[in-house]
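Take a look at the structure set out below.
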Amino acid sequence: MRFAFRALPAAGGGALTPRPVVDIALDGLPDAPMGCLLDTSALRTRMSAELAPLAGIELSGVLTEEFYVGGLKTAGSLARVGLTVADGTDEFSWDAPVWFCDPWPHPFGLAGLEGFLHYFLVTIRAYDGYLDIEPQP
Amino acid sequence: MPTMTVSGHQYDLDRQSVEAALERALPEPIQEHFVVINGRRWPPKQALALVTGLDRADFTTHQARRALTRLGFTAARAAHPSAHHRGGSPAAPVRPAVSGTAGRPESLVEALRPFIGLWVAIRGDEVLVAAPSAKEIVAWLAQHRQCAQSMFRVPDSEQAITGAAPQ
Numbered sequence: 005m006r007f008a009f010r011a012l013p014a015a016g017g018g019a020l021t022p023r024p025v026v027d028i029a030l031d032g033l034p035d036a037p038m039g040c041l042l043d044t045s046a047l048r049t050r051m052s053a054e055l056a057p058l059a060g061i062e063l064s065g066v067l068t069e070e071f072y073v074g075g076l077k078t079a080g081s082l083a084r085v086g087l088t089v090a091d092g093t094d095e096f097s098w099d100a101p102v103w104f105c106d107p108w109p110h111p112f113g114l115a116g117l118e119g120f121l122h123y124f125l126v127t128i129r130a131y132d133g134y135l136d137i138e139p140q141p
Numbered sequence: 002m003p004t005m006t007v008s009g010h011q012y013d014l015d016r017q018s019v020e021a022a023l024e025r026a027l028p029e030p031i032q033e034h035f036v037v038i039n040g041r042r043w044p045p046k047q048a049l050a051l052v053t054g055l056d057r058a059d060f061t062t063h064q065a066r067r068a069l070t071r072l073g074f075t076a077a078r079a080a081h082p083s084a085h086h087r088g089g090s091p092a093a094p095v096r097p098a099v100s101g102t103a104g105r106p107e108s109l110v111e112a113l114r115p116f117i118g119l120w121v122a123i124r125g126d127e128v129l130v131a132a133p134s135a136k137e138i139v140a141w142l143a144q145h146r147q148c149a150q151s152m153f154r155v156p157d158s159e160q161a162i163t164g165a166a167p168q
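In the order they appear, the protein sequences are chains A and B. For the first sequence, the positions run 5 to 141 when the numbering used here is used. For the second sequence, the positions run 2 to 168 when the numbering used here is used.
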């Protein structure tokens, strides 16, 4: 599956440097895949805790951890959830640990090792402005 | 403030009063015609119904379009009328043929520009809806039976993206 780098506007005019983003749908939210920055240095896959109740994911009593992202202290709650990526032609679903974080003021989720990279062969072609992901057995 | 007659009723409307009336509402999916108000595309009938309180059955799309263009709003016809409703088919939701930008990357950049700082749902280089929270986006998609390609908040700075890298 191929994902073009996401082009975004800059507040002062022009455009930000396009970023590698994959759209990952949570079970329960199939029509609103969350844009997630591909983050090869991140151990966890993280999304806003705001999404959990929208997808019917229960977070009370689950394992939590506190950490810093971008200098901001936040708390993540762990849930193992069904995830899906699709490119319009192909689709792949898997179960993986996702940390739902509050607060999460960041514009995207983060697709890290656990939860995403461990499940795919990922080829980043920044020069050409896209990435390919191939599900691994 | 200009006075106009819609469906036999007279209204004092100007550009500012229309913009104010739509400030807290979300536009419905565009079928064919739209007007641009507050940087968003609105179905003309929805916009005029919200502004006047009239039932949409009381006027036509063309009457709404004419009334709003007289107030100085731009009106146009969608290049690709919405074709991603899920209601008419038992099949799975239609998804975009290519993940990423369907057209030129600049098209998406310009489509997103009015929504910096807001959550958006996009499909190709079309912004389906923009709202202050993910909850409103998800509710809108469900209400209008739309399937987005991606949902995210349009970053308000380069730092908003790079700042998300783990420390």
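The beta-carbon is built from N, C-alpha and C at its ideal position, and this holds for glycine as well.
Judged by DSSP in its simplified three-state form, V121(B) adopts strand. According to the DSSP secondary-structure assignment, G39(A) is paired through a beta bridge with D27(A).
V25(A) has a beta carbon lying within less than 9 angstroms of a beta carbon in chain B. Between F124(A) and M51(A), the C-beta spacing is not below 9 angstroms. Every beta strand (DSSP E) stretch that sits fully inside the stretch 38-83 of chain B and reaches 3 residues is listed by chain position as 41-43, 75-78. Taking 9 angstroms as the cut-off, the beta carbon of A22(B) is found closer than this to the beta carbon of L51(B).
Distance from the CA of D91(A) to the CA of F7(A), rounded to the nearest whole angstrom, comes to 7 angstroms. Of the residues S151(B), R67(B), S108(B), the one whose Cα lies closest to the Cα of A19(A) is S108(B). Neighbours of P101(A) in chain B, taken as residues at a C-beta separation under 7 angstroms, are lacking, since the least C-beta distance is about 16 angstroms. For R48(A), there is no enclosing beta strand (DSSP E), since its DSSP letter is neither H nor E. As summarised for the stretch 52-80 of chain A, the continuous alpha helix (DSSP H) elements at least 4 residues long and confined to that stretch are 55-58, given in chain order. With fewer than 16 other Cβ atoms from the protein chains shown falling within 10 Å of its own Cβ, D132(A) counts as exposed. Beyond the five residues adjoining it in sequence on each side, P13(A) comes within less than 8 angstroms, by CB distance, of A19, L20 in the same chain, given in chain order. If you ignore the 5 residues before and after F96(A), its C-beta comes within less than 6 angstroms of the C-beta of V89, P139, all in its own chain and listed in chain order.
Under the Cβ criterion of 9 angstroms, R10(A) is counted among the residues facing chain B.
The C-beta of K77(A) has fewer than 16 other C-beta atoms within 10 Å across all chains shown, which makes the residue exposed. Take the alpha-carbon of P44(B) and the one of M38(A): they are about 27 angstroms apart. Put simply, the backbone Cα of D99(A) is about 44 angstroms away from that of K46(B). At least one CB atom of chain A sits nearer than 9 angstroms to the CB of E107(B).
Listed along the chain, the chain A residues whose CB falls inside 7 angstroms of the CB of Q144(B) amount to none; the nearest CB is some 11 angstroms away. Sixteen is the threshold: when 16 or more other Cβ atoms of the shown chains lie within 10 Å of the Cβ of E127(B), as they do, the residue is buried. Judged by DSSP secondary structure, L114(A) falls within the beta strand (DSSP E) whose first and last residues are 113-115. DSSP places S134(B) in the coil class of the three-state scheme, outside both helix and strand. Going by beta carbons, V7(B) and D59(B) fall inside the 9 angstroms limit. Here the alpha carbon of D35(A) sits roughly 18 angstroms from the alpha carbon of L27(B). Relative to E70(A), the option among S64(A), S81(A), L87(A) whose CA is nearest is S81(A).
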